[in-house]
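Engineer: Below you will find the structure I want to go over with you.
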Amino acid sequence: MKRLISLVVIACIAFLPSSSAATKKPAVKPLKFLTTIGTPAQFAGVVTTGKTIIEYGNKGENAFVRGFDISGNELWNLDLDKLSPSIATAATVDSSGIIWIAGSTSLVRPTPTPPSTTSALDPDKVVLVPDVFTADLDAFSLWSLNPLTQEIKQYCLQLNSPILINAISVDKSGITAVGSSGTLINADLAGQISKPISFGTEATNFQSLVRYSEGSKVVIGSSTETLGGKKLVGKEDGVIVKISKANKIISVVRSSATKASRSWTSESSSLLLGGSVVTGSKIESAVTKFSTKFLPTWTYRFASTGETFTVESTYAFLQSTTAVAQLSGWAPKTPRSLLVNFDAKGAVIAAYSAPATQQAVLGLYASADLGLLCITSSAESVSIFTLN
26 MKRLISLVVI ACIAFLPSSS AATKKPAVKP LKFLTTIGTP AQFAGVVTTG KTIIEYGNKG
86 ENAFVRGFDI SGNELWNLDL DKLSPSIATA ATVDSSGIIW IAGSTSLVRP TPTPPSTTSA
146 LDPDKVVLVP DVFTADLDAF SLWSLNPLTQ EIKQYCLQLN SPILINAISV DKSGITAVGS
206 SGTLINADLA GQISKPISFG TEATNFQSLV RYSEGSKVVI GSSTETLGGK KLVGKEDGVI
266 VKISKANKII SVVRSSATKA SRSWTSESSS LLLGGSVVTG SKIESAVTKF STKFLPTWTY
326 RFASTGETFT VESTYAFLQS TTAVAQLSGW APKTPRSLLV NFDAKGAVIA AYSAPATQQA
386 VLGLYASADL GLLCITSSAE SVSIFTLN
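Each step along the sequence shown adds one to the number in my numbering, with nothing skipped, and position 293 is 318.
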């Protein structure tokens with residue numbers, strides 16, 4: 026009888042649904058190479074409109090924007106500010122396909138020297154040294170670009186001191202940019218820029234934001250000072266700041282690692298956040314999905330070089346440095362790019378990587394026409410990969 030019962034139990038186990046069996050760890054698959062678009066020294070970011078890839082960046086003292094097709098052929102190449110030194114540091118695309126680029130410039134313009142009407146005698150061949158033109162990048166600059174006509178419009182606002190703009194977001198009601206010194210700048214779609222609002226000092230750095238249709242914003246970054254009545258917890262805290270339509274702080278959520286330096290650097294509209302955690306010599310990428318009440322629903326830490334990018338509610342992109350417990354056979358000997366795919370409950374269901382020649386991750390972008398774009402760089406070039 027005991028033998029019969031044992032055989033029945035074994036048979037039942039054998040015919041259990043596969044969902045009851047242990048979940049198989051996914052293996053890391055290769056990303057598909059799409060194109061190469063530029064050099065790491067000049068690159069600032071990528072957006073897309075239709076099937077056109079838009080790179081914005083900085084060459085010397087000049088901000089530029091370039092359009093590429095999916096084969097990497099340059100379609101056009103434009104200077105953003107021909108009158109003064111400038112930098113482009115953030116960009117987004119509105120619902121009509123207009124590209125908005127934010128950065129810094131100077132409203133101090135060089136005075137052109139009028140041409141001489143006569144040829145002066147110069148028997149000693151003296152070389153005349155032109156006046157030196159210097160200008161601080163202490164004005165906020167907003168450019169709009171029509172990708173069909175390549176028409177550029179520039180809007181500027183003088184600031185009291187230079188601000189590094191890290192992110193920009195746009196919807197049908199307006200534009201918001203955020204950056205260093207806890208700065209937030211609003212503008213309308215006609216380019217009218219409002220007075221900057223500071224929510225901190227140089228001890229606070231805003232890295233990313235999401236604008237919501239009712240006018241509120243969720244801004245993330247890092248801070249070593251008190252914000253919204255919430256005091257410093259660690260060496261540096263990652264912060265999530267909810268700001269009302271009237272540009273007042275509604276709430277602040279700080280990280281809780283008492284001995285770490287933390288920063289949130291990337292967020293999606295679904296509140297999937299990515300950032301870095303540095304504890305002593307240990308560097309990790311933090312990936313956390315928050316609820317609408319800013320409570321963590323699931324979280325991961327991956328040993329990495331620190332850079333972390335998130336998109337939608339399902340993907341995180343980082344430069345992994347060691348094995349990942351949730352993946353099969355992943356044990357990089359040198360830092361390797363790693364795209365991690367999560368399901369709705371936060372389980373790791375897939376992962377992808379670019380070749381070992383790619384030394385850094387530079388961005389992650391979801392395109393309606395081109396799919397998921399993973400931006401990496403080797404020592405010489407910036408490359409874009411996508412899913413197979």
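Where a beta carbon is used, it is the ideal one built from N, C-alpha and C, also for glycine.
Quick one: grab the DSSP three-state call for isoleucine 62.
Structural biologist: strand
Engineer: Classify isoleucine 188: buried if its beta carbon has 16 or more other beta carbons within 10 angstroms, exposed otherwise.
Structural biologist: Classification of isoleucine 188: buried, given that the 10 Å Cβ count is 16 or more.
Engineer: So, for alanine 228: in the same chain, excluding its five sequence neighbours on each side, which residues have a beta-carbon less than 7 Å away from its beta-carbon?
Structural biologist: Ser248, Thr249, Glu250
Engineer: By the DSSP assignment, the beta strand (DSSP E) with lysine 54 in it spans what residues?
Structural biologist: 53–55
Engineer: Hey, could you find the ends of the beta strand (DSSP E) proline 321 is sitting in?
Structural biologist: 321–336
Engineer: Find the nearest neighbour of serine 286 within the set Ser276, Gly253, Ser301, judged by alpha-carbon distance.
Structural biologist: If we check each option's Cα against that of serine 286, Ser301 comes out closest.
Engineer: Within the continuous beta strand (DSSP E) that includes glutamate 176, where are the two ends?
Structural biologist: 176–183
Engineer: Tell whether a beta-carbon distance below 8 Å holds between tyrosine 340 and valine 53.
Structural biologist: no
Engineer: Quick check: the Cα distance between alanine 115 and valine 195, rounded to an integer number of angstroms?
Structural biologist: Their backbone Cα atoms lie some 12 Å apart in a straight line.
Engineer: Buried or exposed: which applies to glycine 85, given that a residue is buried once 16 or more other Cβ atoms fall within 10 Å of its Cβ?
Structural biologist: exposed
Engineer: Could you please give the first and the last residue of the uninterrupted beta strand (DSSP E) stretch that includes serine 248?
Structural biologist: 242–248 is the span of the beta strand (DSSP E), which, as asked, contains serine 248.
Engineer: Let me know if glycine 75 comes out buried or exposed under the rule of 16 or more other beta-carbons within 10 Å of its beta-carbon.
Structural biologist: exposed
Engineer: Grouping DSSP H, G and I as helix and E and B as strand, with all else coil, what is glycine 122?
Structural biologist: coil
Engineer: Going by alpha carbons, who is nearest to glutamate 405 out of Gln67, Gly128, Thr359?
Structural biologist: Minimum Cα distance to glutamate 405 is reached at Gln67.
Engineer: Work out the CA separation of lysine 107 and valine 154 for me, nearest whole Å.
Structural biologist: Below a pLDDT of 50, predicted positions are generally treated as unreliable, and valine 154, at 38, falls in that range; no measurement from the model is reported.
Engineer: I need the straight-line Cα distance from proline 321 to glycine 259, nearest angstrom please.
Structural biologist: The straight-line gap from Cα to Cα measures roughly 18 Å.
Engineer: Report the option in Val266, Asp262, Thr317, Thr330 whose CA atom is closest to the CA atom of valine 243.
Structural biologist: Val266
Engineer: For glycine 82, which residues from the same chain have a beta carbon less than 7 Å from its beta carbon, with the 5 sequence-adjacent residues on both sides left out?
Structural biologist: Gly63, Gln67, Phe68, Ala69, Phe89, Ala113
Engineer: Tell me the residue span of the beta strand (DSSP E) that contains tyrosine 340.
Structural biologist: 340–345
Engineer: Determine the burial state of lysine 150: buried for a count of at least 16 other Cβ atoms within 10 Å of its Cβ, exposed for fewer.
Structural biologist: With a pLDDT of only 45 at lysine 150, under 50, the local geometry of the prediction cannot be trusted, and the value read off the model is given with reservation. Its Cβ having fewer than 16 others within 10 Å, lysine 150 is exposed.
Engineer: What residue does the beta strand (DSSP E) around leucine 108 start on, and which one ends it?
Structural biologist: Unbroken run through leucine 108: none, as it is neither H nor E.
Engineer: Less than 8 Å between the beta carbons of serine 129 and serine 166, yes or no?
Structural biologist: yes
Engineer: Helix or strand or just coil, what does DSSP make of valine 277?
Structural biologist: Here valine 277 sits in strand by DSSP.
Engineer: Helix, strand or coil, according to DSSP, for leucine 397 in the structure here?
Structural biologist: strand
Engineer: I need the straight-line Cα distance from serine 392 to leucine 398, nearest angstrom please.
Structural biologist: 7 Å
Engineer: Is it buried or exposed for valine 225, if we count other Cβ within 10 angstroms and need 16 for buried?
Structural biologist: For the record, residue 225 in the displayed sequence is glycine; it is not valine. So glycine 225 counts as buried.
Engineer: Assuming threonine 335 and valine 312 make a contact with CB atoms under 8 Å, what is their CB distance in whole Å?
Structural biologist: With a Cβ gap of about 7 Å, threonine 335 and valine 312 count as contacting.
Engineer: With which residues is valine 133 paired in a DSSP beta bridge?
Structural biologist: According to DSSP, which records beta bridges pairwise, valine 133 is partnered with nothing at all.
Engineer: Here's a check: name, in chain order, each residue in its chain whose Cβ is nearer than 6 Å to the Cβ of alanine 282, leaving out the five neighbours to either side.
Structural biologist: Gly259
Engineer: Report the three-state DSSP secondary structure of tyrosine 237 (helix, strand or coil).
Structural biologist: coil
Engineer: Could you check the C-alpha separation between tryptophan 355 and asparagine 230 for me, to the nearest Å?
Structural biologist: 34 Å
Engineer: Does the beta-carbon of alanine 192 have 16 or more other beta-carbons within 10 angstroms, so that it is buried, or is it exposed?
Structural biologist: buried
Engineer: CB leucine 395 to CB threonine 117, shorter than 8 Å?
Structural biologist: Cβ atoms of leucine 395 and threonine 117: not closer than 8 Å.
Engineer: Would you give the residue range spanned by the beta strand (DSSP E) that aspartate 196 belongs to?
Structural biologist: 190–196
Engineer: Can you pull the DSSP bridge partners for lysine 84?
Structural biologist: Asn87
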